[in-house]
Every structure is written in C-alpha cells, then in structure tokens.
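So the protein lines, in turn, are chains A and B. Residue 401 is where the first sequence starts when you use our numbering, and the numbers rise one by one after that. Residue 11 is where the second sequence starts when you use our numbering, and the numbers rise one by one after that. Virtual Cβ for every residue (Gly too), placed ideally from N, Cα, C. Read the structure below first, then the notes.
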Amino acid sequence: EAQVTQNPRYLITVTGKKLTVTCSQNMNHEYMSWYRQDPGLGLRQIYYSMNVEVTDKGDVPEGYKVSRKEKRNFPLILESPSPNQTSLYFCASRSTGAGQPQHFGDGTRLSIL
Amino acid sequence: GIQVEQSPPDLILQEGANSTLRCNFSDSVNNLQWFHQNPWGQLINLFYIPSGTKQNGRLSATTVATERYSLLYISSSQTTDSGVYFCAVEGVNTGFQKLVFGTGTRLLVSP
C-alpha cells in the first residue's frame, strides 16, 4: 500500500531536549516536504526536498533542520525544541512528474513543555 | 504568492442535507487538491482535481481553472463527514515546491 509514514504520532517532551520526527515514503517519490499546522495560521511549509541531498527552506524554517540522505526518508530535527514549536506536523511526498497529487502522512502531534 | 480563500468558514448541517463548499484562488494552478481533516487530525485526500469534474460516492468536485475556483459537493451528509475541509493548490509560478492551503471550512453534521 502506497503510504507516507510518520513517527511518532504523538510526543510530549521538554524544552531543549533534541528530538527527531521521522518520515518515510514507499512510492519512490523525489519530492518530500514538512508542514506545521497551527490554529489560526493554517498549514505552513517548513522545509522541502527535491531529491537526495537537495533541501531548501520553506516559509517557517527557523528552529528546524532536515536531511535527505536516502530517497525514501526525510527526517525533521528539532535540535533545541521550544514551546512555540508545539504544533501538528505533516510530512508529504510527491512524484515530480506532471499531474501528480501530494500524499500526506497521518501527522505528528508535538507538545513541548 | 498565490492566495486561497474558502467559504463558508463554518457550516452546520442536519444529517441528510446537501452542501457546497467553495475555493477561490488568485493565480493559475497546476494542482488542486481537496482534503478532509478528521477529528484525529489526519488529512484525508479527497480529490486531485486541477480541472474538470470528479465524483467519489456522495462527494463530487468541480474545478473551473479559467475562472479560478473549485467546488466540493457533499450530498446526503453523514455525521462522519464532520471535520475541516481544505482546498490546497500548487501555483504555476511556484511549482510543486509548495502546496498552499486555504483556511478551511469547518463542517458539523448533526444527527
């Protein structure tokens, strides 16, 4: 089954404790991205990657890092999480061919105390 | 950048009623998708519809790309249809680097 898998689904942690949210897709998609969703602000893009070793900033990249060492994986790293990063996070992937939809993971709900 | 507006912002229906949700966008698009965000927060892809009309059961969608709008129709609504419906687009000028989301329509279907 074609899917985008995020882990963990839920996490409560404390300020400053490094964490990684993993994202993996099994569709051989070149393009992957991360979004965060906040009340009143909608979904905003954090980072995206056009292919292995190619990443670029989205609209709200501050406080986040990403890497794309393999085509299927695109982890989101919070090296020193702060309470303003409490949010619902989504990973997405897409083939770069014309006329292709974006596929989303089930979301990761992060609470940083 | 491209702007996406959805209306109405909130909608309350009795079970069995029909509804139409609208999405307006400010520029030409390569991609338009409709999503349903369920109470658990999951984004469920309903339609990939940059143009034309599609139907899936009680749901259908129409995009008129030349007039820059899309409509999502829900017929014979059920309580499980409750949630937030998002329209999202990839602008021609921004490409597929970013999906720009509308602010959503919050739907509540009561029994």
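Candidates the options, of which the one nearest residue i by Cα
i	options	result
T486 (chain A)	A:L513, A:K418, A:A402	A:L513
Q445 (chain A)	A:P483, A:V452, A:R436, A:N407	A:R436
T43 (chain B)	B:G101, B:L117, B:G26	A small correction: the amino acid at residue 43 (chain B) is Gln; Thr does not occupy that position in the sequence shown. Per the Cα distances, B:G101.
G112 (chain B)	B:V119, B:P121, B:V99, B:T104	B:V99
S480 (chain A)	A:Q403, A:T405, A:N407, A:G416	A:G416
N484 (chain A)	A:W434, A:Y447, A:E462	A:E462
R68 (chain B)	B:L117, B:K108, B:L56	B:L56
Per DSSP, the bridge partner or partners of residue i
i	result
W44 (chain B)	B:F57, B:C97
K64 (chain B)	B:A71
G442 (chain A)	A:D438
N407 (chain A)	A:T422
Beta carbon proximity, residue i to chain B, threshold 8 Å
i	result
R509 (chain A)	yes
Q403 (chain A)	no
L411 (chain A)	no
Y489 (chain A)	no
F474 (chain A)	no
Y448 (chain A)	yes
D438 (chain A)	no
Q445 (chain A)	yes
Q502 (chain A)	yes
G442 (chain A)	yes
Test: residue i CB closer than 8 Å to a CB of chain A
i	result
Q65 (chain B)	no
F111 (chain B)	yes
Q16 (chain B)	no
N55 (chain B)	yes
G51 (chain B)	yes
Y95 (chain B)	no
Q13 (chain B)	no
N41 (chain B)	yes
Q88 (chain B)	no
Y58 (chain B)	yes
Q24 (chain B)	no
Sub-8 Å separation of residue i and residue j beta-carbons
i	j	result
L70 (chain B)	T63 (chain B)	Before going on, a small fix: residue 70 (chain B) reads as Ser here, not Leu. Yes, the pair counts as a contact, with Cβ atoms nearer than the cut-off.
I54 (chain B)	S80 (chain B)	no
E391 (chain A)	M450 (chain A)	Lying outside 401 to 513, the shown extent of chain A, residue 391 (chain A) is not represented and no answer is given.
M432 (chain A)	S493 (chain A)	yes
- Segments of 3+ residues assigned as beta strand (DSSP E) that fall wholly inside the segment 450-475 of chain A: Taken in chain order, the unbroken stretches of beta strand (DSSP E) that lie wholly in the segment 450-475 of chain A and span 3 residues or more are 454-457.
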